[in-house]
Amino acid sequence: MDDSSVIPERVLLVQTNKDHWEKPDLRRRIAEKLLNNFEWELMSTPLGLFGVMDTYSIHNQETMYTVIMNAGKGFIQSFG
5 MDDSSVIPER
15 VLLVQTNKDH
25 WEKPDLRRRI
35 AEKLLNNFEW
45 ELMSTPLGLF
55 GVMDTYSIHN
65 QETMYTVIMN
75 AGKGFIQSFG
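Everything in the sequence shown is counted per our numbering, starting at 5 for the first residue and increasing by one.
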């Protein structure tokens, strides 16, 4: 994990499975931008977060599995 993927104002973390020695993973940057620009009330719901994760090119033909977690609330939801 790269520290630059943590969004301090919102305490959000976006991770992808891209190898760090390859070209930058644009999916992560797009997800971070979308999460920063959405209203917090929408992003605090699984449906709102899934809306971001299901956006092309974040969710593309190579995406096999998406998971949304909230450790503070003990919440986990997966989409496969």
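Glycine included, C-beta positions come from ideal geometry on N, C-alpha and C. Please read all numbers here as calculations on a predicted model, not as lab measurements.
Proximity to residue i [Cα-Cα], best of the options
| i | options | result |
| --- | --- | --- |
| K77 | T49, N64, M57, E66 | T49 |
Chain-order list of residues whose beta-carbon lies under 6 Å from that of residue i (same chain, five-residue window excluded)
| i | result |
| --- | --- |
| M5 | Only weak support exists for where M5 lies, its pLDDT of 47 falling under 50; the coordinates are left without a value. |
| D29 | T20, K22 |
| V18 | S9, R32, A35, E36 |
Cut-off 7 Å between Cβ atoms - residues of its own chain near residue i, not counting five sequence neighbours on either side
| i | result |
| --- | --- |
| R31 | T20, S61, I62 |
Pair within 8 Å by beta-carbon distance, residue i and residue j
| i | j | result |
| --- | --- | --- |
| T70 | F79 | no |
| L46 | I72 | no |
| L39 | L16 | yes |
**Study point:** Any beta strand (DSSP E) of 3 or more consecutive residues that is wholly inside the stretch 17-84
**Key:** 70-74, 79-83
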